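Participant: All the letters of the sequence shown, read from the start, carry residue numbers 301 to 901 under the working numbering.
Dumping the structure here so I can ask a few things about it.
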Amino acid sequence: MPSESAKKRQAKKKAAAQSRGKPKAAANSKEEQISNGVEQSLELSSRACTGVLASHPLAKDLKIENFSITFHGVELLKDAKLELNCGRRYGFIGLNGCGKSTMLMAIGKREIPIPEHFDIFHLHGEIEASDKTALQAVMEVDKERHRLEAEAAELAHLGDEASDRLFEVYERLEELDAEKAEVLAAEILHGLGFTKTMQNTCTKDFSGGWRMRIALARALFLKPSVLLLDEPTNHLDLDACVWLEEELKDYKRILVIVSHSQDFLNGVCTNIIHLTQGKLNYYGGNYDSYIKTRSELEENQMKQYNREQDEIKHMVNYIARFGHGSAKLARQAQSKEKVLAKMKAGGLTEKVFRDKTLSFYFPDCGKLPPPVISVQMMSFRYSVDKPYIYKNLDFGLDLDTRVALVGPNGAGKSTLLKLIEGSLTPTDGLIRRHGHLKICRYHQHLQDMLELELSALEFMMKCFTEVKEIEDMRKSIGRYGLTGKQQTCPMANLSDGQRCRVVFAWLAFQTPHLLLLDEPTNHLDMETIDSLAEAINDFEGGLLLVSHDFRLINQVAEEIWVCEKQTITPWKGDIISYKEELKKRVDKEKAKARRAKINQR
301 MPSESAKKRQ
311 AKKKAAAQSR
321 GKPKAAANSK
331 EEQISNGVEQ
341 SLELSSRACT
351 GVLASHPLAK
361 DLKIENFSIT
371 FHGVELLKDA
381 KLELNCGRRY
391 GFIGLNGCGK
401 STMLMAIGKR
411 EIPIPEHFDI
421 FHLHGEIEAS
431 DKTALQAVME
441 VDKERHRLEA
451 EAAELAHLGD
461 EASDRLFEVY
471 ERLEELDAEK
481 AEVLAAEILH
491 GLGFTKTMQN
501 TCTKDFSGGW
511 RMRIALARAL
521 FLKPSVLLLD
531 EPTNHLDLDA
541 CVWLEEELKD
551 YKRILVIVSH
561 SQDFLNGVCT
571 NIIHLTQGKL
581 NYYGGNYDSY
591 IKTRSELEEN
601 QMKQYNREQD
611 EIKHMVNYIA
621 RFGHGSAKLA
631 RQAQSKEKVL
641 AKMKAGGLTE
651 KVFRDKTLSF
661 YFPDCGKLPP
671 PVISVQMMSF
681 RYSVDKPYIY
691 KNLDFGLDLD
701 TRVALVGPNG
711 AGKSTLLKLI
721 EGSLTPTDGL
731 IRRHGHLKIC
741 RYHQHLQDML
751 ELELSALEFM
761 MKCFTEVKEI
771 EDMRKSIGRY
781 GLTGKQQTCP
791 MANLSDGQRC
801 RVVFAWLAFQ
811 TPHLLLLDEP
821 TNHLDMETID
831 SLAEAINDFE
841 GGLLLVSHDF
851 RLINQVAEEI
861 WVCEKQTITP
871 WKGDIISYKE
881 ELKKRVDKEK
891 AKARRAKINQ
901 R
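This is the structure we're talking about:
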């Protein structure tokens, strides 16, 4: 066995050898630098962060004390403690607008003191549109490789205290080896729904949702020390969600995920961080464990609070009654006064803070005789040179319909919603709609119609001029969790989740008979999703739902339709059994990939 010093020399030599002859990463163009500078200055002007590093500069764990964030003058975090341990996978939860995305952005941009050896990948936007193929964009790791090589060269001079870190850097360099890179990148892209043809397609030819998947694939390929994922499932179908869950549940470094999917957090996370009232509260276990533990803690806290308040009330009454009585009673009153002062000095138990619960509402739409929609031998393709997405579909929908559409990406789930709405026309066949039918389709691009310089109140009053009283509109918007300043500030200052609520308020105000919901849970917190589910279940009209959120589907869908192979097939089980089927497919594909690797050797 070689000695420790020999291993270090070997690591140093390899790092130096790999760095020789490598071209430096190309600098950004002048225009890009100016654009990035403007964007960064705008962010810094609206966000202020402070914090103190409390962990060893070479430690694998990251600890920041007195962590505070102010955003647009609002204090989101105050003297909180951030603790991220290597090998832990954290689910980061909290109400919409509480500051989750802002905190991830602050960590990703190193606005607090984070040691240089932590490489951070913050997934919050899509990959750049360029002439590089999806595969090339994922494998583009020269910058990271150069950084690791330079770090290895520095660590080799530090002696034994840096030996662990040196071996870790050496291991990372092995993972980024060019011979293994293409196979690994192709496997990741395949898991996220990219065919071989798509993997060799330029990134500029993909939509924003697909470029987001490429960015996610690059994050998984790099395996950074700190991986920050902000709603990573938003642009994925159920198949890709199941694959990603299986991929992330073995992540060996630090992983922080903001997600609205309880099912996903249960499958991936070892810990939960709950952001509430400007503090970070930590819980062990997955989301279900968090719910159970938090419930028990709050129950005990409330018992302690009530007990203390009863004691305080009793002592205050005693002091008021007997403080000026006989000498004996006065001494007892003084004694109780001292006990009361001691209790207050030691800190009283706080009353349990309950998250605000919303009550979404879809108004009564009235009755229409079935079928409200009749699809008759309908076929569709986007053009004559494109393959058919659907052939000879024949079904009906009425106001009792509660259907979730599932199936692989590209199978035509969103296309079917557009056909039913009428924004697409069938290539063959007919879609008949009731003459009085009112349809509303929710989709991710509806946020683009919001005039962000206006407030939510101004926008709604502009859209619905028949409402004359501002207070009436305030009440309507308030149903969707926007109150006080959130109604009157520019919508540009609202979080994505809060803007989604404005869109739902806008939709509901139109009193639809049929809701077509295409990924309605994107950017919503779990409390809001639960409220949405309750509103759907109370809704008297019909529902056609496309969602990657297994829990929402389980709450509201009475039927599951699988869109695949140019047709629609009812699934015989529930959504949980469908997920189990997807897991079996993922396991089968991974086993096949492992066998292929063995055969190549």
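For glycine and all other residues, C-beta sits at the position ideal for the given N, C-alpha and C.
All values derive from a computational prediction rather than experimental measurement.
With a Cβ-Cβ cutoff of 8 Å, do Ile557 and Leu538 count as a contact?
Facilitator: The answer is no: Cβ separation not under 8 Å.
Participant: Cβ atoms of Asp550 and Asn566: under 8 Å apart, would you say?
Facilitator: Their beta carbons are not under 8 Å apart, which means Asn566 does not touch Asp550 by this criterion.
Participant: Can you tell me the Cα-Cα spacing of Gln855 and Arg681, whole angstroms?
Facilitator: Answer to the nearest angstrom: the Cα atoms are 33 Å apart.
Participant: Taking the alpha carbon of Pro524 as the point to measure from, which residue in Cys502, Gln787, Ile554 and Val542 has its own alpha carbon closest?
Facilitator: Closest option to Pro524, Cα to Cα, is Ile554.
Participant: In whole angstroms, what separates the C-alpha of Leu580 from that of Ile407?
Facilitator: About 14 Å.
Participant: Helix, strand or coil for Lys713 per DSSP?
Facilitator: Reduced to three states, the DSSP call for Lys713 is helix.
Participant: When the Cα atoms are used, what is the spatial distance from Phe662 to Gly735?
Facilitator: Using only the alpha carbons, I get a separation of about 21 Å.
Participant: Grouping DSSP H, G and I as helix and E and B as strand, with all else coil, what is Val542?
Facilitator: Helix at Val542.
Participant: What is the DSSP secondary structure of Lys504, reduced to helix, strand or coil?
Facilitator: Lys504 falls in the helix class under three-state DSSP.
Participant: For the putative contact between Thr402 and Phe371, defined by C-beta atoms under 8 Å, what is the C-beta separation to the nearest angstrom?
Facilitator: Yes, Thr402 and Phe371 are in contact; Cβ-Cβ is about 5 Å, under 8 Å.
Participant: Measuring CB to CB, does Tyr690 end up less than 8 Å from Gly712?
Facilitator: Yes, they are a contact pair.
Participant: For my contact list, Gly797 and Asn534 are in at a C-beta cut-off of 8 Å; report their separation, rounded to the angstrom.
Facilitator: Gly797 to Asn534, Cβ: 11 Å. No contact.
Participant: In angstroms with no decimal places, state the Cα-to-Cα distance between Tyr583 and Glu596.
Facilitator: Each residue's Cα considered, the two are about 12 Å apart.
Participant: How would you label Leu820, buried or exposed, when you count the other beta carbons within 10 angstroms and need 16 or more for buried?
Facilitator: Note that residue 820 is Pro in the sequence shown here, rather than Leu. Counting Cβ neighbours within 10 Å, Pro820 comes out buried, since at least 16 surround it.
Participant: Mapping DSSP to helix, strand and coil, what is Ser755?
Facilitator: Correct three-state label for Ser755: strand.
Participant: Using 8 Å as the threshold, is the C-beta distance between Leu484 and Ala540 below it?
Facilitator: Their beta carbons are not under 8 Å apart, which means Leu484 does not touch Ala540 by this criterion.
Participant: Enumerate, from N- to C-terminal direction, the unbroken alpha helix (DSSP H) stretches of 4 or more residues contained entirely within the region 589–660.
Facilitator: List check, alpha helix (DSSP H) in window: 627–646.
Participant: In whole angstroms, give me the CA-to-CA distance for Leu384 and Asp361.
Facilitator: Straight-line Cα distance between these residues: approximately 6 Å.
Participant: Please report the Cβ distance between Gly817 and Leu794, rounded to the nearest whole angstrom; I am assuming they are in contact, meaning their Cβ atoms lie under 8 Å.
Facilitator: According to the sequence as given, residue 817 is Leu; it is not Gly. That belief does not hold up - the Cβ atoms of Leu817 and Leu794 are roughly 21 Å apart, past 8 Å.
Participant: Are Ile488 and Val526 close, meaning C-beta to C-beta below 8 Å?
Facilitator: Contact: no.
Participant: By a C-beta neighbour count over all protein chains shown, 10 Å radius and 16 as the cutoff for buried, is Val265 buried or exposed?
Facilitator: For the chain, the structure presents residues 301 to 901; residue 265 sits outside this window and is missing.
Participant: For Ala627 and Met602, what's the separation of their Cα atoms in angstroms?
Facilitator: Each residue's alpha carbon lies about 37 Å from the other.
Participant: Between Glu721 and the rest of its own chain, which residues show a CB-CB distance below 8 Å, the 5 nearest in sequence each way excluded?
Facilitator: Ile739, Arg741 and Leu816, listed in sequence order.
Participant: Sort Glu650, Ile619, Lys651 and Phe660 by Cα distance to Ala641 and report the nearest one.
Facilitator: The shortest C-alpha separation from Ala641 is found at Ile619.
Participant: Look at the alpha carbon of Leu699 and the alpha carbon of Trp871, and state the distance between them as a whole number of angstroms.
Facilitator: Cα to Cα, Leu699 sits roughly 21 Å from Trp871.
Participant: Exposed or buried, which one is Thr725 when buried takes at least 16 other CB atoms within 10 Å?
Facilitator: Burial call: exposed.
Participant: I think Glu428 touches Thr501, with their Cβ atoms under 8 Å apart; what is that distance to the nearest whole Å?
Facilitator: Contact flag wrong, Cβ pair sits at about 15 Å.
Participant: Hey, out of Val652, Glu637 and Lys651, whose CA is closest to Ala645's CA?
Facilitator: Nearest of Val652, Glu637 and Lys651 to Ala645, Cα basis: Glu637.
Participant: Using the rule of at least 16 other Cβ atoms within 10 Å of the residue's Cβ for burial, across every protein chain shown, is Ile334 buried or exposed?
Facilitator: Any reading at Ile334 must be qualified, since the residue scores a pLDDT of 36, below 50, and its modelled position is unreliable; no value is offered.
Participant: Does the distance from the CB of Arg447 to the CB of Asp419 come in under 8 Å?
Facilitator: Yes, they are a contact pair.
Participant: Sort out for me which residues DSSP pairs His574 with in a bridge.
Facilitator: Paired residue(s): Ile393 and Asn581.
Participant: In or out: Met761 buried (at least 16 other Cβ within 10 Å) or exposed?
Facilitator: Met761 should be labelled buried.
Participant: Quick one: grab the DSSP three-state call for Cys740.
Facilitator: The answer is strand: DSSP assigns Cys740 an E or B state.
Participant: Note down, in chain order, each residue of its chain lying with its Cβ closer than 7 Å to the Cβ of Leu522, except the 5 sequence neighbours on either side.
Facilitator: For Leu522, where only same-chain residues beyond five positions count, the Cβ hits under 7 Å are Phe421, Val441 and Glu444.
Participant: Applying the 10 Å Cβ sphere with the 16-neighbour rule, what's the burial state of Gly321?
Facilitator: Its pLDDT being 35, under 50, Gly321 is placed unreliably in this model, and the value from its coordinates should be taken loosely. The residue is exposed, with fewer than 16 neighbouring Cβ atoms inside 10 Å.
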